[in-house]
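Enquirer: Sequential numbering from 179 applies to the sequence shown in my numbering.
Just so you know, even glycine gets a beta-carbon here, dropped at the ideal spot from N, CA and C.
Shown below is the structure under consideration.
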Amino acid sequence: MIATRRDGGKEQILLVRSFRPAAEQWFWELPRGWAEPEEVHEGINTYVEAALRELFEETGKSAREPVLLGEYVTDTAVYPQCVGVVRCATTNAPDSPADGEVAAVRWTAVGDIHGLIRSGEIRDAHSLAAFALWAAYGSESK
179 MIATRRDGGK EQILLVRSFR PAAEQWFWEL PRGWAEPEEV HEGINTYVEA ALRELFEETG
239 KSAREPVLLG EYVTDTAVYP QCVGVVRCAT TNAPDSPADG EVAAVRWTAV GDIHGLIRSG
299 EIRDAHSLAA FALWAAYGSE SK
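Now the structure itself:
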C-alpha cells in the first residue's frame, strides 16, 4: 500500500518500521498485509479492501480515494503468489502504530524515496515492487 498525504504542498509517503523474524532485521517499508483466508474463500475481499484494513490495523489511519495500481508475482518459479498494490491518500488521524506489528511510522518526502532505496534503508522486495508500479503510473496522488 502506498499511502500518501500532503504537507506544506509536498507529497509524503507513509513508511512503517517492522521487525521481520525470517530476516532477523528491522525494516522501513510500506504498510502491507494479506487478505484473511476466510475472506478469500468467501470471495468478499479485494486487494483494495485488504489494503485498507491493513493500513488501519497497522497505523490507525483511514484511506480515501484508493486506487489499485496493479499486481506483481512474488516468485514465478517457486511460490507464484499475486500481490496487489494500492495507492491512496490518508486521513489526518494521528500517527500511531496500532496492532503491535509496527514499531513506528514515518512520513517521507516523495523526493527522498530514491535516496532511501539507494542507501538500502528501503530494501524489502514488496516495497521495491510497489514503488516500481507507483513510478510506472505516476507518483502524484489523485
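(1) Using C-beta distances below 7 angstroms, list every residue in its chain close to residue 230, excluding the 5 sequence neighbours before and after it, in chain order.
(2) Where residue 224 and residue 256 are concerned, what is the direct C-alpha to C-alpha distance, given to the nearest angstrom?
(3) In whole angstroms, what separates the C-alpha of residue 188 from that of residue 207?
(4) Is residue 290 close to chain C? Criterion is C-beta to C-beta, closer than 9 angstroms.
(5) I'd like the span of the beta strand (DSSP E) that includes residue 252, first residue to last.
(6) What's the C-alpha gap between residue 253 and residue 239?
(7) Might you give, ordered along the chain, the residues of its own chain that have their beta carbon closer than 7 angstroms to the beta carbon of residue 209, omitting 5 neighbours on each side?
(8) Who are the Cβ neighbours of residue 284 in its own chain at under 6 angstroms, not counting the five residues just before and after it?
(9) In chain order, what residues of the same chain have a beta carbon less than 8 angstroms from the beta carbon of residue 185, not counting five sequence neighbours either side?
(10) Give the straight-line distance between the Cα atoms of residue 261 and residue 289, rounded to the nearest whole angstrom.
Expert: In brief:
(1) Taking the sequence shown and counting its residues from 1, one reaches residue 230 at position 52. Result list for residue 230: 241, 244, in chain order.
(2) Start at 1 with the first residue of the sequence shown, and residue 224 comes out as number 46. Start at 1 with the first residue of the sequence shown, and residue 256 comes out as number 78. Taking the straight line joining both Cα atoms gives about 24 angstroms.
(3) For the purposes of this step, residue 188 is taken as residue 10 along the sequence shown, with counting starting at 1. For the purposes of this step, residue 207 is taken as residue 29 along the sequence shown, with counting starting at 1. Whole-angstrom Cα-Cα distance: 20 angstroms.
(4) Although the question refers to chain C, the structure presented lacks it and comprises just one protein chain.
(5) Residue numbering aside, residue 252 sits at position 74 when the sequence shown is read from its first letter. Run containing residue 252: none; DSSP gives neither H nor E here.
(6) Your numbering for residue 253 matches position 75 in the sequence shown. Your numbering for residue 239 matches position 61 in the sequence shown. Rounded to whole angstroms, residue 253 to residue 239 spans 30 angstroms at the Cα level.
(7) By one-based count along the sequence shown, residue 209 stands at place 31. Correct list, in chain order: 179, 181, 192, 194, 232, 233, 236, 237.
(8) Taking the first residue of the sequence shown as position 1, residue 284 is located at position 106. Counting only Cβ-Cβ distances below 6 angstroms, and skipping sequence neighbours, we find 193.
(9) Mapped onto the sequence shown, residue 185 falls at position 7. So the list reads 285, once near-sequence residues are dropped.
(10) If you number the sequence shown from 1, residue 261 lands on position 83. If you number the sequence shown from 1, residue 289 lands on position 111. So the alpha carbons of these two residues sit roughly 25 angstroms apart.
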